[in-house]
Every structure is written in structure tokens, then in C-alpha cells.
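Report on the following structure.
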Amino acid sequence: MTGGRVFTRAVVALLLATGLSAAPKAAPLTSDGAGAHGFGLGGVSQAVALRRAADALAERFAARAEYGGLLVAESALRDGLPGDAALRRLLAAAHAAAGDVAAARDLLSAATPEGVDVWGAVARSLLARRAGDLDAAAAQAAAAIAADPDNAYARNAAGAAAAEAGDLEAAVSHFAAAVERGPEGAPYFANLGATLAALGDAGHATVALRRALELAPEDCVALIAAAGLAPREAPELLGRCLAAQPGHPQAAPRFVDALLAREAFDEALNAVDAHAAGFDDPERVRARIALHAGDAAAAQARLAAAHPSSETALLAAYAAAMAGDPASGAAIAAEAVADTDVVDAAARAALGFAAAAGLPPDPATADRFGDAPAARFFAALGAPGAPDFAGADGVSAGLRFAGLESAGADEAASRAPLALGVVWRDAGMAGPARKAFAAAVAAAPQSALAQLLLGLSLVEASPPDRDGALRAYDAALSLAPRFAAAHRAKAELLARTGDLGAARLHLGAALDVEDDALGRLNEGAMAEAIGDDAAARAAYERAVALAPDFFAALNQLAWHLAEREIELDRAQALAERAAAQRPGNASVLDTLGWIRFLQGDATGALTALRQAHEADEGRRPEITLRLAQAEVAAGDPTRADALLREVASGEGATAETAQKMLRER
5 MTGGRVFTRA VVALLLATGL SAAPKAAPLT SDGAGAHGFG LGGVSQAVAL RRAADALAER
65 FAARAEYGGL LVAESALRDG LPGDAALRRL LAAAHAAAGD VAAARDLLSA ATPEGVDVWG
125 AVARSLLARR AGDLDAAAAQ AAAAIAADPD NAYARNAAGA AAAEAGDLEA AVSHFAAAVE
185 RGPEGAPYFA NLGATLAALG DAGHATVALR RALELAPEDC VALIAAAGLA PREAPELLGR
245 CLAAQPGHPQ AAPRFVDALL AREAFDEALN AVDAHAAGFD DPERVRARIA LHAGDAAAAQ
305 ARLAAAHPSS ETALLAAYAA AMAGDPASGA AIAAEAVADT DVVDAAARAA LGFAAAAGLP
365 PDPATADRFG DAPAARFFAA LGAPGAPDFA GADGVSAGLR FAGLESAGAD EAASRAPLAL
425 GVVWRDAGMA GPARKAFAAA VAAAPQSALA QLLLGLSLVE ASPPDRDGAL RAYDAALSLA
485 PRFAAAHRAK AELLARTGDL GAARLHLGAA LDVEDDALGR LNEGAMAEAI GDDAAARAAY
545 ERAVALAPDF FAALNQLAWH LAEREIELDR AQALAERAAA QRPGNASVLD TLGWIRFLQG
605 DATGALTALR QAHEADEGRR PEITLRLAQA EVAAGDPTRA DALLREVASG EGATAETAQK
665 MLRER
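Residues 5 to 669 in the numbering used here are what the sequence shown lists, from first letter to last.
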């Protein structure tokens, strides 16, 4: 696995609100073995019964991340075991997990002698993490693991500290260790799945989250992460969380976002009403919903009641421009640029609204962002004559300008709606963007740029208007036959609908104008999918020629050769170059190991494939399967069988292959 990813505060809040997602259980102590009127463990003393009850609750805390029973029984335990310092450290950990910092600190202070045990270290780790001292949080989690290596909650606390520090790979390792030691702990699976999702490993994240939800169908950490992996199902998944925990502060905003993505504006408003406690400023959220719906007047009315903030100011700029006064919108947005919370969005709005109003941009904003693609794009729109979009590539998703040679983009009537549409689109307001681009096309139907942007916005509609998008792309290409971005957009849409042959033609046309290694890799994948190995090989060769140090291109060509068992010496050289660019990368090690296997180098194959499996942490069954084959060749059938059983327990073609291999052994 690669390192160095930044773990954002928003994701941290989602995954790990020390979360360890278990909320305190309201069950009576009897659910953990105590009777309704005491601790009915006939024949033993009250103190012994209480100690046994505390141990049982501690075991439940460790195994399942369920600390609520301890909080329910706290008074009885403290009264019955007044001098038990270890109990106080255990209760401190429960309070720290529940977010009661003051109570946790008081309990730790009262736990004399302080001692070093797993729960005291867990409590100190959680408190340090809440205080922002991530080094101390990690150190205390390590101390907890040293005190009790089999404590799943200690592993989970270490994962939480690693994740918030930005080391997702380490976090995955800790959460995986928690799952291994606490296989009935839904929060452990939820945190593992959510972190895997943040790493982009959707397949294994889905497996972990599915298990979390089998154990705890209302686990909000798992539901929120699953919603991120399955946007179409997000409203239903987030709704389940909110039904269990109304006003959940992470689920409620995401629920509204998911409804806005569906353009379900009335439902979004109802969600704000039902879960107002989950929003910092419900009126501001209602204003945002109105903007998404294209209702500027309603947005302005809501903003009048919203709390002053940088985000409120930005929404006010949007509302002014949407109401037909982009000049005022530009002025309001320019003032908001000074606030770091919204600086990028505010700068884009200030520049875009000024272009829409036919005004020069705010000097301070222009000076600060003059080299950014957005600044160059809006400056080009606002300049007299035919616009020069040099340096504006990437101003909006899917928008580049190579091959845009048609007249029409300089039609004055289309410039204002184009500027507004780009601002709306990048603010996530699909409906207003679509309306603006349609207005640009109506004003200047000969503008290939307007046609492309209309097509992109139609694909993003809910539901997507694919036929309308294809018509817009065709119109753009009839006006500018070499417009690479239009060819790419059409290729992507055709590929989604399964027409890989036509998609490949349009991608090829785009690459004839603007060649790049990633595009060639996509071209090769399409060619392979339709069985054209020669074209796939040519595309991968071209990718390597364009980017000789691009590890993905090197690895893909190496794998293409290895999979066909041809030119293995060259494949090895390519894979070794890829490995030099990405040491420790699981995919590259897998390729290199398999090439060595095919060359008869059993020792070298086993070394590389074991490294690949370790780096991948067993998440990709195809890597595990190839390692199993290498283990057989190296004379370790026991190890191979264990690996094959691991793969065979899954689903899909790789699992079926493993099942067949086991039957044949």
C-alpha cells in the first residue's frame, strides 16, 4: 500500500468520533450477568460478584466496543468497590469513549496508584486524541497494546490515532487487528470499512461494512461509509442512521446532500425540519436547498434569518447572482475571499460573477488567483473578441480546450450564462448549471463550448439525460470536429452504456488531438475488453513512450505481456522499472512475482508475491491466488491450501477458481 494520504477532519469526524461508534446501551446490568436486585451469584460475596460483573463488562467493552453497560452500572460498581483503582481506569475509558472528558479525567486522577494497565492507557489515548495531541494518543494506544495485545479496543484506539494523524495504512492495520481480536465488534468492522473506503479500496470496504451492518444494522459509522460507496443508495442508508439517531451531526448533512443529488428538494427541506439538531445553522441549509432548486428569492429570505458566517456570505453572493444581479454577487463574493473557510469557492464566484456582469474582476482576487485555471477562463470570457482559453484547462470537470477551433464561443450573448453555469456546476448546483448552459446554447447554438457544457450537465442530472447529452456532444463535434474534450465526454458516456467499440473510436479521436498516458491506458483497457489484443498492446506501448517513468503504464504493459506469457524478459524489465518508481506497491510486486513464476524462478516469485500479499494485506483475492500457486511450486501445500480457502470463501470468478483448485488437490 502507498502512504502519505491526508486524512481530513471531515472524514475523521465520520469514522472515528472515538467512536468507536457504539453508543451507550441503556440495558440494565442484568444483561451482563447481574440480577435485577443485585448480583445473584449465590454463595459469593458482594465484592466478588461486583468484580466479576466489572470483568464481564470490561470483556464486552474490549470485544464489542460496547461500553454502555459500564456507564449504567457505574454507581453500583463504584459503591461496591470503592478502592479499586483498576475499575476507575476502566470507567475512565468508558467515559472517554462516550465523550465525557471531565468525568474521564476525574476518574483517572482518582485512580491511585496510577498504575499501567490497558484501560488507563486507552483512556489517556482517547483523551489525548480529543485534545489534538496525536503523538500522545498514539503512544498511549501503543502502551495499551503492550499491556494487553489481545484487547481489540486498544487496537481500535491505535487505529483512531493513526487515522487522524493521516496514516491510513497504519490505521487499516490496527483496525484489521481489532477485527481479528473482536470479530463480534460491529464498530471495528465499521472503522475498518470506512478507512478502506477512504483509501479507495471499495471492494474490501464493502465486505467489512456489510459485516458491520450484519452485527449492528443501525451502526451510523458503517451506514455513513456505505453511503459514500453507494451514492444511489445513500438516502436510504443515511435515513436508517437518522431513524436510529435523529439529528446525527455527520449523517444529517450528508442526507441532505444525497437528496440534493437526486434533486429531491422538498424531501431535503423535510429532512432539515426533522433533524435540525444535526446542523450548525438550519436556515443556512434551507437557503442552500433553495439555491439548488433555483429559487433565489427563497434563498435570500432564508439567509436573512441565518447566522452571519463566511458560508452565509458565499450563499448570499450566489443568491444575488441567481436573482439577476451578478455584479452584487461578485462584490459579496470578493469580500468573502478573505475567509479561508470558503476562499476557493468565493474566488471562483467573484471572478465568474464579474465576467457574467461584464465587469473587470476584483483586483485583489485577480492578483491572488490570476494564474489559476478559473481566473484564466473567466478573464477570457470577459475579454473582447474571441476568447483565449490558454491555461484554463481543468476549470471545470471534463473541460479542456484542445481542438476547440469553432466560432461561436465568442458570442457575447453566451458569455454570461457560460460564466454562471461554470460557477453553479462547480458549486454542485446541477439544476441551475443545466439551466444556464441551456441558455448559453439558446443564445449561441453555434458555440461548441456551450454544447459540451450542456452535455456534461445533462449527464449529471437526476436522472441523467443521456440522450440529450449525446445530442449536445454531437452538436459540439459537428461545430468543432477536433474538440478533444467532447470526444472524451462522448467516449465515457458510450462506455457506460456498453458501446465500447464506438467509445474507443471517440477516445482515439481525442488522443489524436491531445495525447496522454492515462488516456492511452484507458484506450488499452477498452481494446482488451473487446478482445483486440494488438490494439491494447499498442496503446500500452504508447503510454510508456509518453510517460517512461509512469509506474502504472510500465506495470500495465508488463502485466499485458506476462498474462500472455510473451516477451517475459522485457516484461520483467518493465516491472522492475515500475518497482523502482513505486517501491512496495502491491500491484507492481504482484506483476513482478508472477513474471518470475512464469520464468521458473520459484524463490524470486515467492519473495515478490509474499511482499505483494503483505502490502495488499490480503484484500485482493487475485494476488492471494497467485501467491497460493507460488507456494505450491515452492513445496508448501499447507500454506497454499490456507490461502486458497481464504480466496474460496469469497465471491466471483477468482473464488470459483480457488474452489476448483481445492477440489483438484
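C-beta atoms are modelled at their ideal positions from N, C-alpha and C, and glycine is treated no differently.
Is the distance from the Cβ of residue i to the Cβ of residue j below 8 Å?
i, j, result
"Ala359", "Arg266", "no"
"Phe259", "Pro239", "yes"
"Ala557", "Ala551", "yes"
"Leu138", "Glu168", "yes"
"Ile627", "Ala616", "yes"
"Pro364", "Val399", "no"
"Val463", "Ala479", "no"
"Pro421", "Ala387", "no"
"Leu111", "Gly84", "no"
"Leu307", "Ala297", "no"
"Phe193", "Leu219", "yes"
"Tyr477", "Ala493", "yes"
Kindly list the residues whose CB is nearer than 8 Å to the CB of residue i, restricted to its own chain and excluding five residues on each side of it in sequence; keep chain order.
i, result
"Pro235", "Ala262 and Ala265"
"Asp375", "Gly395"
"Arg372", "Val341 and Ala351"
"Asn526", "Leu511"
"Asp392", "Ala384"
"Pro221", "Arg244"
Taking just the CA atoms, how far does residue j sit from residue i?
i, j, result
"Ala132", "Ala102", "14 Å"
"Pro641", "Ala612", "18 Å"
"Gly459", "Asp536", "30 Å"
"Leu497", "Arg470", "8 Å"
"Asn274", "Leu94", "42 Å"
"Ala190", "Ala77", "22 Å"
"Ala301", "Asp329", "12 Å"
"Arg586", "Asp553", "10 Å"
"Ser49", "Asp88", "16 Å"
"Gly502", "Arg508", "11 Å"
"Ala281", "Gln249", "11 Å"
"Arg404", "Val517", "12 Å"
"Pro441", "Pro449", "In the sequence as presented, Pro is not what sits at residue 441; that position holds Phe. Going by the C-alpha atoms only, they are around 11 Å apart."
"Ala499", "Ala62", "54 Å"
"Ala4", "Ala577", "Residue 4 is absent from the structure shown; the chain starts at 5 and stops at 669."
"Gly639", "Thr199", "36 Å"
"Ala229", "Gly243", "13 Å"
"Leu647", "Leu629", "7 Å"
"Ser129", "Ala161", "7 Å"
"Asp171", "Ala416", "50 Å"
"Leu596", "Gln633", "15 Å"
"Ala582", "Asn559", "6 Å"
"Asp331", "Ala383", "In the sequence on display, residue 331 carries Ala and not Asp. Straight-line Cα distance between these residues: approximately 15 Å."
"Ala590", "Val651", "17 Å"
"Leu18", "Gly622", "In this prediction, Leu18 has a pLDDT of 29, which is less than 50 and means its spatial position is unreliable; what the coordinates show is noted afterwards. So the alpha carbons of these two residues sit roughly 25 Å apart."
Ignore the nearest five residues each way along the sequence and tell me which others in residue i's own chain have a CB closer than 7 Å to its CB.
i, result
"Ala310", "Asp285, Glu287, Arg288, Ala291 and Thr316"
"Val105", "Leu131 and Arg134"
"Ala437", "Gly425, Trp428, Arg429 and Ser461"
"Gly4", "Within the shown structure, residues of the chain are numbered from 5 to 669, placing residue 4 beyond reach of any answer."
Kindly list the residues whose CB is nearer than 6 Å to the CB of residue i, restricted to its own chain and excluding five residues on each side of it in sequence; keep chain order.
i, result
"Ala321", "Gly333, Ile336, Ala337 and Ala353"
"Ala97", "Trp123, Val126 and Ala127"
"Ala521", "Ala547, Leu550, Ala551, Phe554 and Ala557"
"His491", "His510, Ala513 and Ala514"
"Gly528", "Ala540, Ala543 and Tyr544"
"Ala58", "Leu81 and Leu91"
"Val347", "Val341"
"Asp594", "Ala616 and Ile627"
"Ala147", "Ala125"
Where does residue i sit, in a helix, a strand or coil, going by DSSP?
i, result
"Tyr322", "helix"
"Met433", "coil"
"Gly251", "coil"
"Ile570", "coil"
"Ala238", "helix"
"Gly84", "helix"
"Glu655", "coil"
"Leu341", "With the sequence shown as reference, residue 341 is identified as Val, and Leu is not the correct amino acid for it. Three-state result, Val341: coil."
"Glu409", "coil"
"His99", "helix"
Is there a C-beta anywhere in chain D that falls below 8 Å from the one on residue i?
i, result
"Ala69", "The structure shown contains no chain D, having only a single protein chain."
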